[in-house]
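Undergrad: Chain order of the listed sequences is A and B. Sequential numbering of the first sequence, starting at 81, is according to the numbering used here. Sequential numbering of the second sequence, starting at 44, is according to the numbering used here. For each residue, glycine too, the CB sits at the ideal point set by N, CA and C. Here the structure is a predicted model, which means the values were calculated and not measured. Take this structure first; my questions come after.
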Amino acid sequence: MTEADGFVNHTVAGLAEPQPMYKALRESTPVFRAPDVVVLSRLADIEMALKHTELFSSNMDAVDLGNIRPLIPLQIDPPDHAKYRRILDPLFTPREMARREPGVAQLVNEMIDRFADRGECDFHEDFAVPLPCTVFLQLLGLPLEDLDQFLEWKDGVIRPEGADGYEGRHDASAGVAQQIYDYFERAIDDHIAGPRDDVLSSLIAARIEGEPLTRHEILDICFLFLIAGLDTVTDSLDCFFVYLARHPDHRHQLVEQPDVLPSAIEELLRWETPVPGVARVAMQDVEVGGCPINKGERVSPLLGAANTDPAEFPDPDLVDFRRNPNRHRAFGGGPHRCLGSHLARMELRVAMREFHRRIPDYEIKPGTELTYTAALRSVESLPLTFPVPVS
Amino acid sequence: MTRVAVDADRCVGHGRCYTLAPDVFDADEVGHSIVFVEDVSGEREAQAADAERNCPEDAITLSP
Numbered sequence: 081m082t083e084a085d086g087f088v089n090h091t092v093a094g095l096a097e098p099q100p101m102y103k104a105l106r107e108s109t110p111v112f113r114a115p116d117v118v119v120l121s122r123l124a125d126i127e128m129a130l131k132h133t134e135l136f137s138s139n140m141d142a143v144d145l146g147n148i149r150p151l152i153p154l155q156i157d158p159p160d161h162a163k164y165r166r167i168l169d170p171l172f173t174p175r176e177m178a179r180r181e182p183g184v185a186q187l188v189n190e191m192i193d194r195f196a197d198r199g200e201c202d203f204h205e206d207f208a209v210p211l212p213c214t215v216f217l218q219l220l221g222l223p224l225e226d227l228d229q230f231l232e233w234k235d236g237v238i239r240p241e242g243a244d245g246y247e248g249r250h251d252a253s254a255g256v257a258q259q260i261y262d263y264f265e266r267a268i269d270d271h272i273a274g275p276r277d278d279v280l281s282s283l284i285a286a287r288i289e290g291e292p293l294t295r296h297e298i299l300d301i302c303f304l305f306l307i308a309g310l311d312t313v314t315d316s317l318d319c320f321f322v323y324l325a326r327h328p329d330h331r332h333q334l335v336e337q338p339d340v341l342p343s344a345i346e347e348l349l350r351w352e353t354p355v356p357g358v359a360r361v362a363m364q365d366v367e368v369g370g371c372p373i374n375k376g377e378r379v380s381p382l383l384g385a386a387n388t389d390p391a392e393f394p395d396p397d398l399v400d401f402r403r404n405p406n407r408h409r410a411f412g413g414g415p416h417r418c419l420g421s422h423l424a425r426m427e428l429r430v431a432m433r434e435f436h437r438r439i440p441d442y443e444i445k446p447g448t449e450l451t452y453t454a455a456l457r458s459v460e461s462l463p464l465t466f467p468v469p470v471s
Numbered sequence: 044m045t046r047v048a049v050d051a052d053r054c055v056g057h058g059r060c061y062t063l064a065p066d067v068f069d070a071d072e073v074g075h076s077i078v079f080v081e082d083v084s085g086e087r088e089a090q091a092a093d094a095e096r097n098c099p100e101d102a103i104t105l106s107p
């Protein structure tokens, strides 16, 4: 087995530092045939695949999360895709997210209050996990006491137990998926009975060419939100804080030059690429970089490899918080560009700003061995220690 | 003066331009880019150039 084979076990194994492997793949086999997926690692190929949905579809054959209908809008390609984005994008614009920012800042501070006096926390468990999940519940207008249930469900479909390779995934996650559908059925009924200022009420009120969304369409959007909105910000927070704990100079820059924060977030998104790859399926026989890919084969554009490709990024291994330009693809690109990117950016910005304002110095508890999860890059636990802030 | 244009067929709403160049670009109701000052010079031109360099979809063009 080559080095690349070992790495590309179901696209991406849980690696602490995947960048050297991205480089190895890009330089040796930029179109890499793993047992159940073809991995693309050059930015030019990845960009092409993301743009050409007629060649590389994001439909239900690309990834199986136990769902019984296509997730909307992820698993619907253009042209139908656009009609859903037209009603969903307005709910997640930077302006709309700015409206939510004070509430998120308050939430972040309440979470920090719970551990600041202890001088230690498990950043993953105490912060990175509950923050995006709580924001999600507030945004959709769901009861906060459902938090633990949601955490169980999202892990059940993203990291199903007993799923061995692609083929086992559906059976492993179908039971949980059904519970998710049932939950949102009830939530939709509840919101029809009592509309309010939240995303679920907006979906119920939305019209496409004068017609409301069907019940199935609303369910398929909610399901997508659950798998796309919870884990990814957790992954980003974990990756970022591990990096900052281990690179005090970068952390000090954030504390001393607060204006660098927005571009620091873009650079950390580039370097860490918390969602290292996305899933596509070839719609016809096609050739990429001289390598034939057959119709029906699964293809994974490796976003992390695109983000460290020297063809686009001079000195790609240098983490420069003022890097400019920075055309990273951490949120993908083309029609399926991450719907929640501005929500993610807002959550990350508020979390980084408030955390470093209150706890500017921290380190990973000595002796800790970090375990990264596969596919989406969170760590299983991140114990941090820090001086207790003087209040 | 430099003329700024956004190709609406390419823009997918990354939002980098109106973040980096708020005096030149704005967001429409779905978060896609619109140019609200088409002819720019000085500080606005520098902003527009920054946005052009940072657009992941190559949707922005500057022309004399």
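1. If you reduce the DSSP assignment to three classes, tell me which class residue 45(B) lands in.
2. What residues in its chain sit with their C-beta under 6 Å from that of residue 45(B), if we drop five residues either side in the sequence?
3. Determine the direct distance from the alpha carbon of residue 462(A) to that of residue 159(A), and round the result to whole angstroms.
4. Check whether chain B comes within 7 Å of residue 266(A), counting only Cβ atoms and requiring the distance to be less than that.
5. Leaving out five residues before and five after residue 375(A) in sequence, what residues of the same chain have Cβ atoms less than 7 Å from its Cβ?
6. Along the chain, which unbroken stretches of the beta strand (DSSP E) at least 3 residues long are found entirely within the segment 162 to 209 of chain A?
7. Judging by CA-CA distance, which residue of 441(A), 140(A), 316(A), 408(A) is the nearest neighbour of residue 467(A)?
8. Report the rounded CA-to-CA distance for residue 457(A) versus residue 68(B), giving the unit in angstroms.
9. Looking at the structure shown, is residue 354(A) part of a helix, part of a strand, or coil, going by DSSP?
10. Apply the 10 Å Cβ neighbour rule to residue 121(A) and answer buried if 16 or more other Cβ atoms are within range, or exposed otherwise.
11. What do you reckon, are the CB atoms on residue 96(A) and residue 323(A) nearer than 7 Å?
12. Against chain B, does residue 169(A) count as a neighbour if the rule is that its beta carbon must be under 7 Å from one of theirs?
13. Would DSSP call residue 558(A) helix, strand or coil?
14. Give a yes or no on whether the minimum CB-CB distance between residue 58(B) and chain A is below 7 Å.
15. Any C-beta of chain A sitting closer than 7 Å to the C-beta of residue 53(B)?
16. Counting pairs of beta carbons, one from the segment 257 to 269 of chain A and one from the segment 224 to 242 of chain A, are three or more of them closer than 8 Å?
17. How long is the line joining the alpha carbons of residue 459(A) and residue 207(A), rounded to whole angstroms?
18. Does the beta carbon of residue 85(B) sit closer than 7 Å to a beta carbon anywhere in chain A?
TA: According to the data block:
1. Three-state result, residue 45(B): strand.
2. 83, 88, 105
3. 43 Å
4. no
5. 362, 363, 364, 365
6. 200 to 202
7. 441(A)
8. 34 Å
9. Three-state DSSP puts residue 354(A) in coil, outside helix and strand.
10. buried
11. no
12. Yes, residue 169(A) lies at the interface with chain B (some Cβ there is under 7 Å from its Cβ).
13. For chain A, the structure presents residues 81 to 471; residue 558(A) sits outside this window and is missing.
14. yes
15. no
16. Yes, the segment 257 to 269 of chain A is in contact with the segment 224 to 242 of chain A.
17. 12 Å
18. By the rule that beta-carbons nearer than 7 Å mark a contact, residue 85(B) does not touch chain A.
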